[in-house]
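One structure below.
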Amino acid sequence: MRLLILGGTWFVGRVLAEDAVGRGWAVTTFNRGRSGPDVAGVHPLRGDRTDVQDLERLAAAGPWDAVVDVGGAEPRSVGLAAQVLGAQAGRYVFVSTVSVYRDWPASPVDESSPLHPGNPDLVVEDPRWDAVRYGPHKAGCEAAVRRSVSPDRLLMVRPGVVLGPYEYVGRLPWWLRRMARGGRVLAPAPADRPIQPVDVRDLASFLLDLIGRSASGIFNVAAPTGHATYGRMLDACAAATRDVRGADEIEVVWAEPDWLVEQGVRQWTEIPLWRVQPGTWRLDATRAAAAGLRCRPIEKTVLATWAWLAAGGAPVRHERQDEHGFDPDRERRLVDLWECRSQAASGEKGLV
Ligand SMILES: NC(=O)c1ccc[n+]([C@@H]2O[C@H](COP(=O)([O-])OP(=O)(O)OC[C@H]3O[C@@H](n4cnc5c(N)ncnc54)[C@H](OP(=O)(O)O)[C@@H]3O)[C@@H](O)[C@H]2O)c1
Numbered sequence: 001m002r003l004l005i006l007g008g009t010w011f012v013g014r015v016l017a018e019d020a021v022g023r024g025w026a027v028t029t030f031n032r033g034r035s036g037p038d039v040a041g042v043h044p045l046r047g048d049r050t051d052v053q054d055l056e057r058l059a060a061a062g063p064w065d066a067v068v069d070v071g072g073a074e075p076r077s078v079g080l081a082a083q084v085l086g087a088q089a090g091r092y093v094f095v096s097t098v099s100v101y102r103d104w105p106a107s108p109v110d111e112s113s114p115l116h117p118g119n120p121d122l123v124v125e126d127p128r129w130d131a132v133r134y135g136p137h138k139a140g141c142e143a144a145v146r147r148s149v150s151p152d153r154l155l156m157v158r159p160g161v162v163l164g165p166y167e168y169v170g171r172l173p174w175w176l177r178r179m180a181r182g183g184r185v186l187a188p189a190p191a192d193r194p195i196q197p198v199d200v201r202d203l204a205s206f207l208l209d210l211i212g213r214s215a216s217g218i219f220n221v222a223a224p225t226g227h228a229t230y231g232r233m234l235d236a237c238a239a240a241t242r243d244v245r246g247a248d249e250i251e252v253v254w255a256e257p258d259w260l261v262e263q264g265v266r267q268w269t270e271i272p273l274w275r276v277q278p279g280t281w282r283l284d285a286t287r288a289a290a291a292g293l294r295c296r297p298i299e300k301t302v303l304a305t306w307a308w309l310a311a312g313g314a315p316v317r318h319e320r321q322d323e324h325g326f327d328p329d330r331e332r333r334l335v336d337l338w339e340c341r342s343q344a345a346s347g348e349k350g351l352v
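Numbering (the UniProt record's numbering), first residue to last: 1 to 352.
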């Protein structure tokens with residue numbers, strides 16, 4: 001199996017490359033060589049994916065059984081890659097996102113849900129991370145790939161939240177470090193809120209299995225609803241970090257979501273992985289499950305991520321890391337406020 005990965009050194013692409021090399025596949029990665037060591041065993045080629053000459057040089061190194069565009073986020077250059085490399089690819093794969101759905105996270109979505117209108121010719125002038133433009137841009141990327149690759153050769157995955165070793169967004173690493181610090185931890189009730197992040201290793205394995213079977217089509221990728229809960233994730237973070245915390249106890253203070261919203265807590269970032277919109281954790285991934293997606297328990301994802309961090313693992317530096325987590329003083333103030341409010345409420349009840 002000959003596989004070309006556009007990218008391959010940060011997170012999803014990195015794990016994809018590791019898994020494919022482990023399967024004995026001949027793996028070529030294409031990137032600028034700026035942001036991290038190559039995965040051992042790959043054949044690395046250097047170039048800029050926005051440069052048509054670099055892409056043409058890359059195409060000359062083909063053909064491949066599959067080309068996977070992992071991190072593409074600008075419609076014009078994603079389309080250019082598909083146009084130049086498409087003919088060299090038995091199968092063309094684009095890693096998209098749940099954010100392409102117009103109604104996510106307000107509503108549950110499946111693969112037939114409407115997408116954001118996306119412009120396949122868009123050139124992104126400002127490459128900084130922008131949560132509002134991300135979904136429409138990725139929808140434009142999907143449209144751009146579709147222009148050059150016929151549906152029978154095209155495989156698209158739309159993951160929800162991806163966690164695990166090498167995560168550079170900073171969600172689970174923040175929670176792990178927070179639990180390692182101990183003390184009173186502000187968390188969004190209820191503890192049994194279902195969540196459905198997918199482990200990056202399960203995403204990679206699923207994708208390679210699909211490629212190995214010459215599959216095509218579109219697949220949401222997420223753990224089944226009910227596979228994990230917010231409380232289980234935090235318990236696992238507390239358990240994983242027990243050794244570094246020493247005698248410091250953790251007290252998880254579960255505050256009502258409406259109250260957190262009233263306090264102006266930034267959803268999804270200040271408290272990572274928490275959002276009140278009802279569709280957030282209702283991504284329908286039954287098609288992927290039927291096609292073989294298997295999701296390990298959240299505890300294993302948490303443990304592996306902590307093992308990686310504790311061994312000195314450092315993610316690629318990314319601007320999204322800075323937007324995650326609470327300032328400790330603000331967290332302390334909010335915990336005090338919430339506890340005063342709860343005590344006042346129970347006092348009032350006592351008077352009745
Ligand atoms: N994290 C989540 O929860 C989540 C959820 C849903 C979907 N997703 C999707 O998952 C994907 C994550 O991908 P990843 O970032 O982990 O992929 P990756 O393939 O591991 O890393 C990105 C690669 O792109 C290369 N690159 C960047 N700019 C380049 C350029 N101009 N020319 C050539 N190479 C370039 C980087 O290397 P150099 O910098 O050295 O060039 C790096 O190797 C994204 O598509 C994202 O939309 C993520």
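Built from N, CA and C at the ideal position, the CB exists for glycine as well.
Assignment of residue 63 by DSSP, reduced to helix, strand and coil, places it in the coil class. Counted as a single uninterrupted DSSP element, the beta strand (DSSP E) harbouring residue 183 occupies residues 183-188. Closest in alpha carbon position to residue 208, among 19, 301 and 9, is 19. Spanning the alpha carbons of residue 24 and residue 291 requires a straight line of approximately 23 Å. For the region 125-193, the continuous beta strand (DSSP E) assignments of 3+ residues that do not extend past its boundaries occur at 154-159 and 183-188, in sequence order. In the DSSP assignment, residue 201 falls outside any beta strand (DSSP E) and within the unbroken alpha helix (DSSP H) covering 200-212. Counting of Cβ neighbours within 10 angstroms places residue 343 among the exposed residues, the total staying below 16. With respect to the 8 Å criterion, residue 93 and residue 126 are not classified as neighbours on the basis of their beta carbons. Comparing alpha carbon positions, the residue from 15, 29, 164 and 13 closest to residue 2 is 29. Residue pairing from DSSP places residue 4 in a beta bridge opposite 28 and 67. With 16 or more neighbouring CB atoms inside 10 Å of its own CB, residue 141 falls in the buried class.
Within the DSSP secondary-structure output, residue 267 pairs in a beta bridge with 271. Going by DSSP, residue 230 is part of the alpha helix (DSSP H) stretching over 230-240.
For residue 163 against residue 305, the beta-carbon gap comes to about 7 Å, under 8 Å, which counts as contact. Contact between the region 268-284 and the region 94-112 is present: three or more C-beta pairs spanning the two stretches fall below 8 Å. Scanning 233, 198 and 241 for the CA closest to the CA of residue 224 turns up 198. Between ligand 1 and residue 346, a heavy atom-to-CB distance of less than 7 Å is absent.
The continuous beta strand (DSSP E) containing residue 253 extends over residues 250-255. Looking at the DSSP output, residue 46 sits in a beta bridge with 31. Sequence-distant partners of residue 231 (beyond 5 residues in either direction) whose C-beta falls short of 7 Å from its own C-beta, in its chain, are 191 and 192. DSSP lists 159 as the beta-bridge partner residues of residue 221. By a beta-carbon distance limit of 8 Å, residue 88 contacts residue 64. Their separation comes to about 6 Å.
For residue 89, the uninterrupted beta strand (DSSP E) run begins and ends at 89-95, by DSSP. Secondary structure at residue 261: helix, using DSSP grouped into helix, strand and coil.
Taking a cut-off of 8 Å on C-beta distances, the region 108-121 touches the region 131-140, as three or more cross pairs fall below it.
Comparing alpha-carbon positions, the option among 173, 338 and 10 lying closest to residue 322 turns out to be 173.
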